[in-house]
Amino acid sequence: MTRATRFLLCACLVGLLALSCRQHAEAADVDLLRKQMGMNEEIKKAEQLGDFEKLHRLLLEMRDLTTYREHEIKLVGLDEIDFYVQDVELALGFTGKQAEQGQEELDHIRQARVAETVGDFAAATENYQRSLELSEELYGEKSYKGLISRISLANAIRRSGENVERGIELAGQASDTLKELGKTDYHCYLEVQIALTRMYVRQKNDKQAIETGKLAIAMIEDRQLRQVSTYAEMTAAVAQALNHEKQFEGALTYAIKGLASSPAEKGKEAATYYQLLVESGKAKFGLEKPEEAVRDYALLVYKAEENSAITKENRLEILQEYAKILEKAGDAERLEIANRKIESLQRKIKGEVEFTGEKSRYSN
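Mapped onto mature numbering (1 follows the signal peptide of the UniProt record, and there is no 0), the consecutive letters of the sequence shown carry residue numbers -27 to -1, 1 to 337.
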């Protein structure tokens, strides 16, 4: 073996060793996060059952797991775990009237969650309101339980579609309390920013949606959770708000972030992916890149056409958006084809099924 060959072989081995070490380090970095996420599911089950003893044990196990590993990527830190443990230990000591109120609070939470699953958000709101009153009486307004109850009520109000201002007020109070307590690195603070962003979007308050959405996105990125569906949802919300504000460079940046997270492209969950394509196209058009914008919309139309979970009404909306972009781009040929598809789909929606056998030239 020549000297040059030996040198090359050593260099390759060093490179492979470095790659292996880096991959091992990356896996180790998210090991705590994965374990905490798994334990969090068990914690949620114990919460639903009202099993405070099991909940206490699980939280202490999570605390032991996290001790000496605070530097790693994680879902929750020791302070947030202790913040929750404090309330659970208080609940374990309840007797008499307090024990009855504690059970009543849990019953209202369970009833609220059942109501949410069947879409009865008025009942969910009513039960969360009562659970909030009880949790603040039992644990205090600035307790973990009190803050989580406030966030849950805000989310139920948002889903009901009524009195969003009240939901924003509740979530804003929780956010302010966490700031006051110096707990802005907590996972529950992230949950508040997500809740606020969703409500600001519903309220069409673009400036506030941008502020809270960007904060939520940064916190999700810090936790290495870009693959969760909420990340794509938040990037779509911020991109939309930035487009409304004619901040097209920023809108495109956030749309690309969301698309890079590989959101679901099929099924009912594809709505966020479609919105990201729309916001990307709008941003590109605003940046005077009409051909690139048309490509985004053409891809959107193709993806919607092959998704059986999308309703005809939603397909029609997408085609109509596509037609608007084609008209602005001055693409008469493709606009004519899009308009024919729109007319055909409108007839189908009205019950006049049309069999044409025509295939879109843009389906490939």
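Yeah, the Cβ is synthetic: ideal placement off N, Cα and C, and Gly gets one too.
Does DSSP put residue i in a helix, a strand or coil?
i	result
residue 146	helix
residue 256	helix
residue 44	coil
residue 278	helix
residue 136	coil
residue 236	coil
residue 75	helix
residue 80	helix
residue 118	helix
residue 262	coil
residue 319	helix
residue 220	coil
residue 231	helix
residue 269	helix
residue 284	coil
residue 87	helix
residue 11	helix
residue 4	helix
When the Cα atoms are used, what is the spatial distance from residue i to residue j?
i	j	result
residue 43	residue 303	56 angstroms
residue 229	residue 183	16 angstroms
residue 178	residue 131	14 angstroms
residue 290	residue 211	21 angstroms
residue 56	residue 28	14 angstroms
residue 8	residue 317	52 angstroms
residue 19	residue 287	40 angstroms
residue 76	residue 25	11 angstroms
residue 14	residue 255	39 angstroms
residue 114	residue 139	17 angstroms
residue 105	residue 306	59 angstroms
residue 269	residue 279	16 angstroms
residue 324	residue 315	14 angstroms
residue 169	residue 185	7 angstroms
residue 74	residue 111	8 angstroms
residue 309	residue 275	17 angstroms
residue 299	residue 156	49 angstroms
residue 65	residue 243	44 angstroms
residue 93	residue 133	8 angstroms
residue 136	residue 37	42 angstroms
residue 35	residue 63	19 angstroms
residue 342	residue 154	Any answer about residue 342 is impossible in this case: the structure gives the chain only from -27 up to 337.
residue 6	residue 311	47 angstroms
residue 282	residue 248	16 angstroms
residue 297	residue 191	33 angstroms
residue 233	residue 176	27 angstroms
residue 205	residue 246	8 angstroms
residue 54	residue 258	47 angstroms
residue 223	residue 263	17 angstroms
residue 107	residue 118	10 angstroms
Assign residue i to one of two classes, buried (16 or more other C-beta atoms within 10 Å of its C-beta) or exposed (fewer than that).
i	result
residue 267	buried
residue 97	buried
residue -20	Only weak support is given to the placement of residue -20: the predicted model assigns it a pLDDT of 39, under 50, and the value that follows is read from those uncertain coordinates. Residue -20 comes out exposed.
residue 322	exposed
residue 166	buried
residue 164	buried
residue 125	buried
residue 200	exposed
residue 21	exposed
residue 90	exposed
residue 52	exposed
residue 231	buried
residue 123	buried
residue -7	Residue placement at residue -7 is flagged as unreliable, the pLDDT there being 34, under the threshold of 50; the coordinate-derived value follows with that caveat. Looking at its Cβ environment, which holds fewer than 16 other Cβ atoms inside 10 Å, residue -7 is exposed.
residue 235	exposed
residue 252	buried
residue 171	buried
residue 208	buried
residue 103	buried
For a test of your reading of the model: does the CB of residue i fall under 8 angstroms from any non-hydrogen atom of the ligand GTP? Yes or no.
i	result
residue 292	The ligand GTP is not part of the structure shown, which contains no ligands of any sort.
Is the number of C-beta pairs between the region 194 to 201 and the region 215 to 225 that are closer than 8 angstroms three or more? no
Taking the runs of the alpha helix (DSSP H) that are 4 residues or longer, which of them lie wholly in the region 137 to 206? 137 to 153, 160 to 176, 179 to 195
Answer yes if the region 64 to 78 comes into contact with the region 86 to 100, meaning at least three C-beta pairs across the two stretches below 8 angstroms, and no otherwise. no
May I have a chain-ordered list of the alpha helix (DSSP H) segments no shorter than 4 residues that lie completely inside the region 18 to 69? 25 to 39, 51 to 65
Would you call the region 139 to 146 and the region 76 to 93 touching, i.e. three or more CB-CB distances under 8 angstroms? no
Taking three-plus beta-carbon pairs below 8 angstroms as touching, is the region 74 to 82 in contact with the region 30 to 50? Too few Cβ pairs lie closer than 8 angstroms, so no.
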